[in-house]
Structure formats: C-alpha cells, structure tokens
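Chemist:
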Amino acid sequence: DIPPAEVCDSCGNIFMADSNFCRQCGAARKGTPAAPAAPSVQKSSSFMEVAAQATAPNSSVHLQVLIQLGGSWLLANGLVALVLLAAKNLKFDYPRGWAWAELSLILLFLLLQKLQWSSGCYANRAQSAISMACFLSLSSVLLLLASYFAALQVYVMEVEFVMGLISLSVLAGQFILAVFAGHKYSKRPRDSIFLYLAAAVTLAAVITAWVLDLVAGVLSAEQMYAAFIAGLTLAVIS
Numbered sequence: 004d005i006p007p008a009e010v011c012d013s014c015g016n017i018f019m020a021d022s023n024f025c026r027q028c029g030a031a032r033k034g035t036p037a038a039p040a041a042p043s044v045q046k047s048s049s050f051m052e053v054a055a056q057a058t059a060p061n062s063s064v065h066l067q068v069l070i071q072l073g074g075s076w077l078l079a080n081g082l083v084a085l086v087l088l089a090a091k092n093l094k095f096d097y098p099r100g101w102a103w104a105e106l107s108l109i110l111l112f113l114l115l116q117k118l119q120w121s122s123g124c125y126a127n128r129a130q131s132a133i134s135m136a137c138f139l140s141l142s143s144v145l146l147l148l149a150s151y152f153a154a155l156q157v158y159v160m161e162v163e164f165v166m167g168l169i170s171l172s173v174l175a176g177q178f179i180l181a182v183f184a185g186h187k188y189s190k191r192p193r194d195s196i197f198l199y200l201a202a203a204v205t206l207a208a209v210i211t212a213w214v215l216d217l218v219a220g221v222l223s224a225e226q227m228y229a230a231f232i233a234g235l236t237l238a239v240i241s
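Per my numbering, the sequence shown runs over residues 4 to 241.
1. Residues in its own chain within less than 7 Å of residue 135 by CB, not counting five upstream and five downstream?
2. According to DSSP, which residues form a beta bridge with residue 31?
3. Apply the 10 Å Cβ neighbour rule to residue 48 and answer buried if 16 or more other Cβ atoms are within range, or exposed otherwise.
4. Exposed or buried, residue 124, counting other C-beta atoms within 10 Å across all chains shown (16 or more means buried)?
5. Do the CB positions of residue 112 and residue 148 come within less than 9 Å of each other?
6. Could you tell me which of 195, 161, 151 and 178 sits nearest to residue 211, measuring between CA atoms?
7. What number of angstroms, rounded off, separates the C-alpha of residue 66 from the C-alpha of residue 173?
8. Relative to the alpha-carbon of residue 83, which residue among 33, 17, 110 and 20 has its alpha-carbon at the smallest distance?
9. In chain order, what are the residue ranges of uninterrupted alpha helix (DSSP H) at least 4 long that sit wholly in the segment 129 to 169?
10. Give the range of the alpha helix (DSSP H) segment to which residue 70 is assigned.
11. I'd like to confirm the pairing. Which residues does DSSP put opposite residue 10 in its beta bridges?
12. Does DSSP put residue 99 in a helix, in a strand, or in coil?
13. Just how far apart, CA to CA, sit residue 192 and residue 202?
14. Determine the closest residue to residue 63 out of 146, 29 and 177, with distance taken between C-alpha atoms.
15. Please classify residue 95 as buried or exposed, where buried requires at least 16 neighbouring CB atoms within 10 angstroms.
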C-alpha cells in the first residue's frame, strides 16, 4: 500500500519523492508548510502621503513634494528645449556656432538638475544643512540658466518663454522651503554660515532671473548676455 501522504487527494496521482505539489493538478502535498502570506500594501491616496512615507521624521514633506514634482518639470523643460533647439536650427538662420553653445547650456542644465534633485532629496531626508546649502547653490545656477532660455525666447517662441517662467516659479518655491528646512537642520554655527551664504547667492539669482525676464523685451542682446554671464559667474563661485 502507498502511504496517504504519497498520493494526491485531488486526483490520485503519486507524488515524486522530492515534490511538495502534485505535478498533475498542482495540489499541495500533505504536510507541506504553508507559504508565508505576502505583506499587505497600503495604497496611498495622494502624492503627499507617498512623500511623507519616503521622508524621515522631522523632514519637510512639502519640500520633498516640490523637489519631486519640480524635478520632473525641470527635466521636461530641458528635454523640450533640446527638441525645440533642433527645430529652430532648421527654421531660423542663426550665427555660426550658436547651436553648439545653446546645446552645451541645455546639457549643463540637465546635468545640474539631476545633481540638484539628488542633493535636495538627500539633504531633506538626512536633515543636513550643508547638503541643503549645496542644493541652494545648484539652484542658483539653474535659476540663471532657466532665465536665460526664457528671456531669449521673448524674440522667438512663446512656449519656451512660458515654460521658463514656470521653471523660475518652481525654483523660487524650492528656494523658500529649502531655506526654512536648512535653518531647522542647522546644528552648528558653521552650518548656518554656509546655508545663509548659499541662500544669499540664490536670492540674488532669483532677483536677477526675474528682472532679466521682465525687461528682456527692452534689453539688447549684449546687455542680456552681460547680465547672464555676471550672474552665472557669481553662482558658480558659490
């Protein structure tokens, strides 16, 4: 006689010596331990709840949300600028070497956006004022680059101009929340010094960016380039 544990109760098939399930109907063999239940997953009803779960206690949920959403927008802005650069190069007669210079600035924008996003997420989760100062310094360069592209498009494409203004608004919002978060995370006087120096440079970049875009229609190309280079130099030094 075959022991009951060797015969499948469902179909009568004989189990193989090393099998835990019937090879004919898939039923479990008697004495086989039950598989552990899968952990329950609670679905978040909003992006704010997802950000709250991914953010350490005492970190800024609102800043984390703006970093995530703002990062996606800035990335999209850079990619759209790449596509439109190719279209403008075919449609308009620009000076020699202009396209390569613009391409270099767009690629720089995308690279800095990735670094800014990473430093902001780390600074907020690790509650590091120094990393938040780094986030602000990178934001100052992004502000000036976004302003440059937006101001330049006053003469060419309104779509890029509007996208640039939205990017400036996103970066300005990140700046405000980052300063408050960095102040809360500061534990040493040195942390505060670095944070406020970076905040001062970023504030200057915010003002310069908005002024450039508001008066872009009356500035000559030489004046706009001079203001952009001066601001960018200050931001890079920071």
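Backbone N, C-alpha and C fix where the C-beta goes; we use that ideal spot for every residue, glycine too.
Modeler: A quick look at the data gives this:
1. 126, 181, 184, 185, 188 and 198
2. 24
3. In this predicted model, residue 48 has a pLDDT of only 48, less than 50, meaning its place in the structure is not dependable; the value taken from the coordinates is given anyway. It counts as exposed.
4. buried
5. Contact: yes.
6. Of 195, 161, 151 and 178, the smallest CA-CA separation from residue 211 is found for 151.
7. Roughly 11 Å separates the two Cα atoms.
8. 110
9. 132 to 155
10. 64 to 94
11. 17
12. In the displayed model, residue 99 falls within coil according to three-state DSSP, outside both helix and strand.
13. 15 Å
14. With distances taken between Cα atoms, residue 63 lies closest to 177.
15. exposed
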